[in-house]
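Trainee: Under numbering that gives the first Met the number 0, residues 0 to 259 are what the sequence shown spells out, in order.
All C-beta atoms, glycine included, are put in the ideal place defined by N, C-alpha and C.
The structure that follows is given in the form of structure tokens.
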Amino acid sequence: MGVFRRHNPPMTVLLSPTNIASIERATLDAVAPRVVDDTLPGWLLPFDATTIGRAKSAVPLRHEGLSADDIAHIAERYRLHCLQPAWRMADVAGLQPLLDALHQQGYTPQQPTLVQTGKTGTLAGARCRHTVVLRTEPDAAWRSVYTASGFDPADGEARIAALSRSKVVMYATVLEGDQACAAGTASFSRGWMGIHGMRTVLARRQRGMACAILSALAQEGLRRGIRDTFLQVEAENTGARTLYAKHGLSTAWTYHYWRA
């Protein structure tokens, strides 16, 4: 079996090891897996029967200095929870021995995703014409966006459940009359604002609703004194990447999900 080689774009943001770890912890605070095992040094192991990859994939807390022997130990822990082993691994040189071990053990990289960071103040200053309703608890309007026509209903329900379970998020909805047209959430945790669950119903896309949600959530982040923002966006989602770049978000690293 060959050796996996990284195919990540150049990083435009260099983050400290402390920031890398805090982003990964904040990510799980937001998607709220039912169980998180943090007993293996350098790792977070979330366990959940969900469609959300971040909530059921082992993730390293640092990008160097980990042992490839951890891969077998992690796989066994997932099997003990009756879950398929999965990893969310940054495409960085410091993790190459672990990427090679995953490849050699029959796992393949899938779903390339960018971790992006930016300044909360830049997002807050975006000019967007839609009014956004912010709530500290999910309501029926917010939930309805995730199960709207054209979306996978099982995935929508999983995202509703996870984000509703989180203790650190704010819920945002754009309404036209009594119809909810777009939704998103922000987590406020570990010194970061995280953007999650951005979704616009198919018939209302390209109207600036996502921009409005980003701006409203960022204004709330500033009110809470949070200056830095992160999010994850799939590499193939060029529309979202264009929006995020317009508002000052840059890629810190790329990761793949490794699955059998």
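Tell me whether A139 is buried or exposed, calling it buried when 16 or more other Cβ atoms sit within 10 Å of its Cβ.
Mentor: Here the question's residue 139 lines up with position 140 in the sequence shown. Around the C-beta of A139, fewer than 16 other C-beta atoms lie within 10 Å, and the residue is accordingly described as exposed.
Trainee: Once the 5 residues before and after H80 are set aside, which same chain residues still bring their CB inside 7 Å of it?
Mentor: For the purposes of this step, residue 80 is identified with residue 81 of the sequence shown, where counting begins at 1. Around H80: F46.
Trainee: With 16 other CB atoms within 10 Å as the buried threshold, where does A92 fall?
Mentor: Here residue 92 refers to the residue found at position 93 of the sequence shown. Result: exposed.
Trainee: Report the partner residues of H267 according to the DSSP bridge assignment.
Mentor: Residue 267 is absent from the structure shown; the chain starts at 0 and stops at 259.
Trainee: With a threshold of 16 other CB atoms inside 10 Å of the CB of K55, please say whether the residue is buried or exposed.
Mentor: Position 56 of the sequence shown holds residue 55. When all chains shown are included, K55 counts as buried.
Trainee: What are the boundary residues of the alpha helix (DSSP H) that includes Y243?
Mentor: Translated into positions along the sequence shown, residue 243 becomes position 244. T237 to K245 is the extent of the alpha helix (DSSP H) around Y243.
Trainee: Let me know the secondary structure DSSP gives H129 once reduced to three states.
Mentor: Against the sequence shown, residue 129 aligns to sequence position 130. DSSP places H129 in coil when its eight states are reduced to three.
Trainee: Thinking just about the alpha-carbon of each residue, which of L44, D177, H246 and Y254 is nearest to the one in T121?
Mentor: Position 122 of the sequence shown, counted from the first residue, corresponds to residue 121. The shortest Cα separation from T121 among L44, D177, H246 and Y254 belongs to H246.
Trainee: Tell me G183's beta-bridge partners as DSSP assigns them.
Mentor: By one-based count along the sequence shown, residue 183 stands at place 184. According to DSSP, G183 bridges with A171.
Trainee: Just reading off the alpha helix (DSSP H) that G220 is part of, what are its end residues?
Mentor: Indexing the sequence shown from 1 puts residue 220 at position 221. Unbroken alpha helix (DSSP H) run through G220: M208 to R222.
Trainee: From the DSSP output, in three-state form, read off R24 for me.
Mentor: In the sequence shown, counting from the first residue as 1, residue 24 sits at position 25. In this structure, R24 counts as helix in the three-state DSSP scheme.
Trainee: Any idea if A125 is buried or exposed, counting beta-carbon neighbours within 10 angstroms, 16 or more meaning buried?
Mentor: Taking the sequence shown and counting its residues from 1, one reaches residue 125 at position 126. Its Cβ being crowded by 16 or more others within 10 Å, A125 is buried.
Trainee: With DSSP as the reference, please indicate the residues paired to I19 in a beta bridge.
Mentor: As a position in the sequence shown, residue 19 is number 20, starting the count at 1. According to DSSP, which records beta bridges pairwise, I19 is partnered with nothing at all.
Trainee: Can you list, in chain order, the residues of its chain whose CB lies under 8 Å from that of Q218, leaving out five sequence neighbours each side?
Mentor: Position 219 of the sequence shown, counted from the start, is the residue given in the question as residue 218. A123.
Trainee: Thinking just about the alpha-carbon of each residue, which of A259, R258, A251 and Y256 is nearest to the one in L113?
Mentor: By one-based count along the sequence shown, residue 113 stands at place 114. Of the candidates A259, R258, A251 and Y256, the one whose C-alpha sits nearest the C-alpha of L113 is A251.
Trainee: According to DSSP, is P32 part of a helix, a strand, or is it coil?
Mentor: Locating residue 32 in the sequence shown gives position 33, where the first residue counts as 1. Reduced to three states, the DSSP call for P32 is coil.
Trainee: Quick one: what's got a C-beta closer than 6 Å to R164's C-beta in the same chain, skipping five residues either side?
Mentor: Counted from its first residue, the sequence shown places residue 164 at position 165. Counting only Cβ-Cβ distances below 6 Å, and skipping sequence neighbours, we find A31.
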